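Shown next, in structure tokens, is the structure this report addresses.
In my numbering, the protein residues as written are 4 to 151.
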């Protein structure tokens with residue numbers, strides 16, 4: 004008795020779709036031959052300094068470029084010497100913390116009538132109106148109750 008091999012479903016699928024696969028392979032081959040796989044970015048020239056300059060500025064010569072660099076170095080050295088010779092001109096002005104806190108209170112738009120604020124000078128109740136600019140007189144001191 005001879006054994007007969009039956010075609011499996013996958014064998015039938017492959018043999019039934021062979022013409023389609025051949026057509027797809029041919030199409031892929033045509034596309035690849037029309038568009039080579041070389042990297043297009045490598046075939047383009049490297050960017051130059053002109054690509055980054057505005058179009059209105061002409062290209063500067065090497066000597067002009069060196070002169071600009073030397074001028075910038077000279078200005079930097081002059082500024083450094085000025086800071087060294089007159090450091091008092093460049094020190095930050097110390098701010099009075101009480102003045103800063105007062106200014107912050109006067110600019111605080113979230114304050115409403117009756118709000119209590121605390122500063123180094125004590126506690127104050129805001130008595131001003133929201134539709135008017137803030138003034139120092141809008142903050143009334145809170146008097147502590149005397150203890151018996």
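Glycine included, each C-beta is placed from N, C-alpha and C at the ideal position. Here the structure is a predicted model, which is why all the values come from computation and not from measurement.
Around the C-beta of residue 129, 16 or more other C-beta atoms lie within 10 Å, and the residue is accordingly described as buried.
About 6 Å separates the beta carbons of residue 101 and residue 123, which is inside the 8 Å limit, making them a contact pair.
A direct Cα-Cα distance of roughly 23 Å separates residue 103 from residue 134.
Of all alpha-carbon atoms in 119, 137, 131, the one lying nearest the alpha-carbon of residue 145 is that of 119. Rounded to whole angstroms, the gap between the alpha carbons of residue 121 and residue 114 is 13 Å.
Across the set 137, 88, 87, 90, the C-alpha of 137 shows the shortest separation from the C-alpha of residue 109. Judged by beta-carbon spacing, residue 53 lies within the 7 Å limit of residue 62, meaning their Cβ atoms are closer than that value. In the three-state scheme derived from DSSP, where H, G and I count as helix and E and B as strand, residue 119 is classed as strand.
Our two residues, residue 95 and residue 88, have alpha carbons roughly 16 Å apart in a direct line.
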